[in-house]
Structure formats: structure tokens, C-alpha cells
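Per my numbering, the very first residue in the sequence shown carries number 18; after that it's consecutive. Quick reminder that beta carbons are idealized off the backbone N, C-alpha and C, glycines included. Structure first, commentary second.
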Amino acid sequence: MMNLLKKLDALKNDGRPIIACFPLYPPLALFHSMGLAPVVVWGLRGHVSGTETADRHLPSYTCSVARHLTEFILSDARDFIDGIFMYNACDTLRNLPEILTGQLAAAGRDVPFFHMHLPMTPRDQTEASGYLKNEIRTLITNLSDRFGVKFSSEKFQNSVALYQRMRELVLAVQDQAAAGRLGFLDFAEVMQAGAFMPVEGHIRALEDLTARPGKHNAGASKLPMDNTIGVMISGILPPQPSVVNAMTAAGMTVAADDIASFYRSYAVMPEPEPDPAEYYGKFYDDHYPCPTLLYMGDRRWAAFMDRLRQSGARAVIFIGEKFCEYEYFEFPYLEKRLAEAGFPSLRIEISIDDDQHTGAHDSRIAAFSEMLRGR
Ligand code: SF4
18 MMNLLKKLDA LKNDGRPIIA CFPLYPPLAL FHSMGLAPVV VWGLRGHVSG TETADRHLPS
78 YTCSVARHLT EFILSDARDF IDGIFMYNAC DTLRNLPEIL TGQLAAAGRD VPFFHMHLPM
138 TPRDQTEASG YLKNEIRTLI TNLSDRFGVK FSSEKFQNSV ALYQRMRELV LAVQDQAAAG
198 RLGFLDFAEV MQAGAFMPVE GHIRALEDLT ARPGKHNAGA SKLPMDNTIG VMISGILPPQ
258 PSVVNAMTAA GMTVAADDIA SFYRSYAVMP EPEPDPAEYY GKFYDDHYPC PTLLYMGDRR
318 WAAFMDRLRQ SGARAVIFIG EKFCEYEYFE FPYLEKRLAE AGFPSLRIEI SIDDDQHTGA
378 HDSRIAAFSE MLRGR
């Protein structure tokens, strides 16, 4: 926890109001252009030591993502946060606005909540672009009123260009990790730290990473690269280091990821344009498919397979986030289609209690690798 609080403190000292955002695909460049410091409070595993406060408000069958973010916002971080932004996603998140604002108010904090409704209807069935544009314009008005800032088209385009630069670096670093020139854990570390950095800092961290050998890289695999088995990993959250280490020990490398907080977040980003309503229309309509974006369901399998085939991976490991309704609706379908296409898959499940102990997965990963070698 302390590490993240230090980062929030550093952001606070930059003088920009901090806006905590969830779920994963908020309009970050818009917030940045309006002088705010957006932080995506997602995947806080390893940073939040317990969920005592969250568990007073959420049932125990809630995913770790929601429990950790609730704990984080209602705990010490509450004194750093100047606003909360959310767009609609799963049922788990649906009632969080009331819980968070109610509890923050009870603690004497008046933290404004900004909400945007993202239409979840397939775009080829229902025309929703006018609605979404209106949501973006309303969001800008609400931010301006609350924080006393004016929207500037020029600043917006500059911010989009910065996020574009970050995206290019993320994809380049991913490629380096897939080629074995960097450890996947080095990439994951910089990505997770980036959620609590200004975009400028995240860009510098990614640039530094491409210029130095990663600390997880040396000796990461005992096998030469041409003897390892490339595997694509998929899930809402990246796997814990112990899972990646188990893969490495079993002679597998991460040839590509289809992780929501990694590739799905950065795969597609429109070019800068002056009108944010137009920009975010494209941003959400053309987003890389993710099961949390219900309207993209029909495009999910094709995008997933493109990613898999382009990576040269021979198999898929699903990192299941326990109680994630969206992912668990999708897994059986993807597994069936993968089997039909000749790609073996393995599903492991990570629960909130598995933060430190993932040893149970090691033998399944080793057996999976052995099975792949025998094919
Ligand atoms: S999409 Fe899944 S992981 Fe994310 S908050 Fe909802 S249930 Fe949890």
C-alpha cells in the first residue's frame, strides 16, 4: 500500500487533481488535457494488504479487482483522491458509486463522482454514436464545473499524441519481451507502475526499459529461445510473477498477451483529432475486443485468433480471475473454438487468496508444457 501512497503523494505534489478511474478503458487523454492526473485503480493485487474495509460492503464472492479497488479508495488513499470516474461495465461494479461516495462522505470527504454511460449495443445493430458524443460532452462540462478548468482542443490533441507515444512504446516493449530480449516480468512491472504515473513518466520508464537489459531477463529461461514453447496468455489481469516463473521453468515463454490491462488496452488508438466526442466515438467503437465491452462480442474471436496466429504461439494459457462473470462466460467458448482450431489451452484460476501462493498451478503448467512437447 505504502508504495502506491507515495506515488499518489508525488502526483499530488505535481499540483494536478487526482481522478481515480475504473474500469480499464477510461478517457485518460481527456482527463490529462484538462489538467487532471488520472490513475486507473485496477489490478491492485500486491499493493493492498487486506480487504477488511471493502468486505464490509461487498460480498465475499466478488472478484479481487473490485475488492481491492474498494479497499484502496476507502482506505488511506481516500485523502489523495479528488474525483472518481467510472463507466458502466459488469454487475460487480454497478453499485460501487453509491458505496464509495457514501462511505467517503461518511469519512468527511466530498469526492465528486463522474459517470459516463458507454452504450453496449452492437454498433451495426443500434446507432449509438450521438448518445456517446453527448456523454463525452456532458463529462467535459461536469469536469469544467467541478475543477474550474476549460477544455482546450489543442491541449487535447497534445495529450492524445502523448498517449499515442506511450502506446507505441508499449507495443515495442511487448515485442522485445516476446523475442526474449526482455523479461515479461520487466514489461509487466513497468506497465503496472505506469497506472500511477503521469503519462510523461510512463513514457520515460518505457524508454528506459528498451535501453537497458531487464532485471528478470538474465537467466529467465534455461533453454535457448528456439527450444522454448511460445504461449499466449489471456485474462483480465496479468499473471503473478510466480506463474510466469513456473512457465519459464517449464520451458515456455510469453509469445503474446491478450491481457485486459496490457494488450487489450493499447492495441488500437485513433489518431488525434480536435473534437473529443468524435475521438472517443472512434476510440470505443474501434477498441480491441474485450468481454467487458459487450458490444464487441461478435469481433472477439477473430481478433483473438489474429493475435494468436501473428504471435506464432502454439497454445493459450487463460489466467482466470475468480468470480469475473465476463471472463468466465467467455472461456468455455474460446476453449472450444481453440480446440477446433488445433490450439491446446490451459485455464488456471487465481483468487484473492492466491496472492502469495500459486504453487498449486506449477504442476499443471509443467504438465501442460510436457503435453505440448509431446505433440
Ligand atoms: S469485469 Fe470481471 S474482474 Fe472486472 S470488476 Fe467485473 S467481475 Fe471483476
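- So which residues touch the region around the ligand SF4, with touch meaning a C-beta under 7 Å from any heavy atom? P40, C80, V82, A83, A106, C107, T109, L110, I253, T309, E338, F340, C341, E342, Y343, E344
- Task: Ignoring anything shorter than 3 residues or poking outside the stretch 93-165, list the beta strand (DSSP E) runs there in chain order.
- Result: 100-104, 130-133
- Query: So F39 is in the beta strand (DSSP E); what residue range does that whole segment cover?
  - Reply: 35-39
- Message: So the candidates are A124, H74, F131; which of them puts its Cα closest to the Cα of T109?
- Response: H74
- Item | Residue from S278, P291, Y297 whose Cα sits closest to the Cα of C406 | Residue numbering for the chain in the displayed model covers 18 to 392; residue 406 lies beyond these limits and cannot be assessed.
- Item | Beta-bridge partners of G218, as assigned by DSSP | In DSSP, G218 forms no bridge with anything.
- Residue nearest to A37 in terms of C-alpha spacing, selected from T118, S66, P76: T118
- Run the CB neighbour count on Y350, radius 10 Å, all protein chains shown included, and call it buried at 16 or more, exposed below. exposed
- Query: A294 and R154: beta carbons closer than 7 Å?
  - Reply: yes
- Query: Whose CA, out of A377, L135, I101, L355, lies closest to the CA of A320?
  - Reply: L355
- Where the beta strand (DSSP E) through I336 begins and ends: 332-338
- Task: In the DSSP assignment, find the unbroken beta strand (DSSP E) run with I246 in it and report its ends.
- Result: 246-252
- Cβ shell of N20 (< 7 Å), same chain only, five flanking positions each side left out: H64
- Item | N- and C-terminal bounds of the alpha helix (DSSP H) containing L61 | Neither: L61 is in no alpha helix (DSSP H) and is coded neither H nor E.
- Message: Here's a check: name, in chain order, each residue in its chain whose Cβ is nearer than 7 Å to the Cβ of G247, leaving out the five neighbours to either side.
- Response: T270, A272, S328, G329, A330, R331
- Of the residues L325, P34, H49, the one placed nearest A169, counting alpha carbons only: Here the sequence assigns Ser to residue 169, which means Ala is not the residue at that position. Cα-wise, what sits closest to S169 is H49.
- Could you tell me the distance, in whole angstroms, from the CA atom of A205 to the CA atom of P255? 8 Å
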